[in-house]
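In terms of my numbering, the sequence shown has 56 at position 61, counting the first letter as 1, and numbering is strictly consecutive. Built from N, CA and C at the ideal position, the CB exists for glycine as well. Data first, discussion second: the structure below is written as structure tokens.
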Amino acid sequence: MRCETVSEVCPGIGCFKAFNNRKVYFKDYDNNAEMIAFFTCGGCSGRRVYRLAKSLKKYGADVVHLSSCMTNMNDYPECPYVKTIKQTIKDNGIKVIEGTHH
Ligand code: SF4
């Protein structure tokens, strides 16, 4: 999951490359792991998250990574809603990892 605002200028290449090469926050996944979805929060205050978390559960997602644009406060403006977003995903029984490629 990534920041809707940042998605206007970022095609997501860093996230995909890190996953494809099993680097940084994806380094512990084996070759059987699949990226089955790639989406934004829907804009402040994460308005799409509740419904998406339900869909992800339905389709069997095990883990959601919050992208570096949501969690790396050195390079991006702080997301004021990240705690709530994280809890909403966890409430649906899905693990959350904070970070993707840096
Ligand atoms: S809720 Fe956070 S991640 Fe989503 S658009 Fe707003 S600042 Fe970005």
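The beta carbons of Arg(-3) and Cys39 sit no closer together than 9 Å.
Per DSSP, Val19 is not a residue of any beta strand (DSSP E), being assigned neither H nor E. For Ile92, no alpha helix (DSSP H) segment is defined; the enclosing uninterrupted segment is the beta strand (DSSP E) at Lys90 to Glu93. By the CB criterion at 9 Å, Thr95 and Phe34 fall outside the cutoff. Between Met65 and Ile80, the CB-CB gap stays under 9 Å.
In this structure, DSSP gives Thr0 a state outside helix and strand, which the three-state scheme calls coil. By the criterion of at least three beta-carbon pairs nearer than 8 Å, the region 50 to 65 is in contact with the region 3 to 23.
For the ligand SF4, a non-hydrogen atom lies closer than 8 Å to the CB of Glu(-1).
In terms of CA proximity to Lys52, Val91 leads the group Val91, Asp70 and Cys5.
In the DSSP annotation of this structure, Ser40 is not part of any alpha helix (DSSP H), being labelled neither H nor E.
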